[in-house]
Amino acid sequence: MTSQLPVPNWTQEYIAANDFPIDIVSSDARGRYAIAARDIREGEVVLRAQGYAAVCTQVCRKEVCSGCFQAYSLGVLGLKCDACSMAFYCTLECREKSFDLHSRFECTFMSQIAGMAAGKAFDKAIADIDAALGVQESGAASYRRMQDLERTGVQSLVRWLLGVCVRGLIEEGGLIPTAGALPTYNAVLELVPNENCLPQDERLKLEGLYIFFSNLSSKPAKRSRKKADASPTTTLKSLSQFMASTMTPVQVSFSELFTARFPQPIDFIRIICIRQCNVFGLWDAESECLGQSFFPAASYFNHSCDKNLYFDQTMKLVPSSEANKQNPSEQDLAREMESMDLNSVKLEDDVEASNTRVFAALQRMPVLVFQAKRDISKGEALTHCYVDQSLEREERRAALKEEYYFDCDCDRCIREDNQTGDDGSVDGK
Ligand SMILES: [Zn+2]
Ligand SMILES: [Zn+2]
Ligand SMILES: [Zn+2]
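Our numbering puts the first residue of the sequence shown at 1, with every later residue one more than the last.
Next comes the structure, spelled out in structure tokens:
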């Protein structure tokens, strides 16, 4: 007998406030899931889910605007933050709108991520972690646990963690004025982590990553010794309050922020497990994953290989000529870049105005709009397909098992099982 999962408070309130035709119910067999609260017509909007901590991958950072999350298909975006070279923008307007969020909350950390150990130093850090985890094997096998980690992959993960940590700071600092307007950190923590499904090897690897991130930046960001006392780093609460009250960019290192948010490896493992089963990839038309985001309200749609919802995402692939139409010419841009000292802009503004701009920047994160693929009756489970619905039965089954840890028994799977009978290969190994 399993215990009933708690009601997801934030999502319930968000659904009610926006009058979406969704009820969230709970059963032992299926966990918590969304059903139609009334009859829904084909094409009707069922949910508009706001993104939480959307980030682009490290590899795609030059093609994805960090402000509006549109992706550009040709070449590198022309505008970036010169301080960290990690955030790229499609237009001056996008860079402007993101300035307060980026310069106060992200840029210092982004610089630390950009400066992460590379080459042999990275390999050594990874080998050290294996040693710390007590891996005894000698020679090549000593890289066993962490060997498939790539620097860009780790950087993408850090970017994502930074997104989560920074979002938490902003929220706890009171910069999100309207309750329910945007998903909260609690809305994410309310999602099911499926920690029990995590294979032991993966768990050990995550413990290794925890060590790595806790020591990513052993020396804190440039900090004036004199001001050190005034920059509280001990608790998240004091740090977030400090950040909300000053225009000074954040004064702690990524590792300090990381360990404040995730005091123990288990805290980190939990958010990674939540991510595993709940994060949405931000894809372009060519099925490349350009980034990731939580959409907490959308996490209660169960899977079906014959989904009754479809969604559109705002991350579209735009030819870069489209962006350049709105932009000044390259020469104008070069001149503008030279004359613009990003670090001095707006610093004279008052912090309340800046806080409002930070909130506005967060509202520009991607939104997923779910619509009914066909007429849906009241009480029917609302579903979308977690994997590519056009895949064959066995491919879907394998992908669902690997990424989401379950065997699909939806109507379509059962139908196809019955159709194929025994001639499908049962065990290829
Ligand atoms: Zn943009
Ligand atoms: Zn920057
Ligand atoms: Zn299925």
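Virtual Cβ for every residue (Gly too), placed ideally from N, Cα, C.
So, with DSSP's three-state summary, where would you put I176? coil
Cβ of E207 within 8 angstroms of any chain E Cβ: Chain labels in this structure do not include chain E; a single protein chain is all it has.
Which one of G281, M146, D312 has the shortest CA to CA distance from V387? G281
Give the range of the alpha helix (DSSP H) segment to which A125 is assigned. Taken as a continuous stretch (DSSP letters only), the alpha helix (DSSP H) holding A125 covers 119-132.
Other residues of its chain near D375: CB distance less than 8 angstroms, five sequence neighbours each side excluded: D39, I40, R41, E42
Excluding the five sequence neighbours on either side, which residues of its own chain have a C-beta within less than 8 angstroms of the C-beta of G168, listed in chain order? Y185, L236, S240, R261
Starting from A244 and walking both ways along the beta strand (DSSP E), at which residues does that stretch end? Element bounds for A244: not the beta strand (DSSP E) but the alpha helix (DSSP H), 236-244.
From C385, S377, E394, pick the residue whose C-alpha is nearest to that of D23; which is it? S377
Proximity below 8 angstroms, CB of G173 to CB of A244: Against a cut-off of 8 angstroms, the Cβ pair of A244 and G173 comes out as a contact.
Let's test the definition: count the other Cβ atoms within 10 Å of the Cβ of S354 and tell me whether it reaches 16, buried, or not, exposed. buried
Using CA coordinates, which residue listed in C277, V25, I126, A83 is at the minimum distance from L5? V25
What's the call for S287, buried or exposed, on a 16-neighbour Cβ count within 10 Å? Only exposed fits S287, as fewer than 16 other CB atoms lie within 10 angstroms of its CB.
With DSSP as the reference, identify every bridge partner of N302, one or two as the case may be. T383
Per DSSP, which one or two residues make a beta bridge with F311? F370
Is the separation between the beta-carbon of S255 and that of S304 shorter than 8 angstroms? no
Rounded C-alpha distance that separates R104 from C90: 20 angstroms
Anything with a beta carbon under 5 angstroms from a heavy atom of ligand 3 counts; list them all in chain order. C305, C408, C410, C413
Per-residue burial, V45 [other beta carbons within 10 Å of its own, 16 or more giving buried]: exposed
DSSP puts V252 in a beta bridge; with which residues? None; V252 has no bridge partner.
What did DSSP end up calling D388 once you bin it into helix, strand or coil? coil
Near ligand 1, which residues have their beta-carbon less than 6 angstroms from any of its heavy atoms, given in chain order? C65, G67, C68, Q70, Y89, C90, T91, C94
Start-end ranges of the beta strand (DSSP E) lying completely within the stretch 30-70, minimum 3 residues: As far as the stretch 30-70 is concerned, its whole beta strand (DSSP E) runs of at least 3 residues are 31-36, 45-50, 52-56.
Span of the beta strand (DSSP E) around V192: Segment: none, V192 is in no beta strand (DSSP E) and carries neither H nor E.
Tell me which same chain residues have a C-beta within less than 6 angstroms of the C-beta of A399, skipping the five on either side of it? V387
So who's on the other strand from L169, going by DSSP bridges? According to DSSP, which records beta bridges pairwise, L169 is partnered with nothing at all.
In the DSSP assignment, find the beta strand (DSSP E) that holds Q292 and state where it starts and stops. 289-294
Kindly indicate which residue of E171, A83, A131, S73 has the alpha-carbon position closest to the one of F109. A83
Whole angstroms is fine: what's the gap from L209's alpha carbon to A125's? 10 angstroms
Just to confirm my understanding: we take G31, look at its own chain, exclude 5 residues before and 5 after, and list those with CB closer than 7 angstroms. What are they? L5, V192
Taking only the alpha-carbon atoms, compute the straight-line gap between V64 and L92 and give it to the nearest angstrom. 14 angstroms
Going by CA-CA distance only, name the one from A36, V250, L182 that's closest to P296. L182
Do C56 and ligand 2 come close, with the Cβ less than 7 angstroms from some heavy atom? Incorrect: C56 has no Cβ contact closer than 7 angstroms to ligand 2.
Cβ atoms of L290 and C94: under 8 angstroms apart, would you say? Between C94 and L290, the C-beta gap is not smaller than 8 angstroms, which leaves the two residues out of contact.
In the DSSP assignment, what are the bridge partners of I24? A34
Between the CA atoms of D306 and D100 - distance to the nearest angstrom: 43 angstroms
Is it true that the CB of K97 sits closer than 8 angstroms to the CB of R275? no
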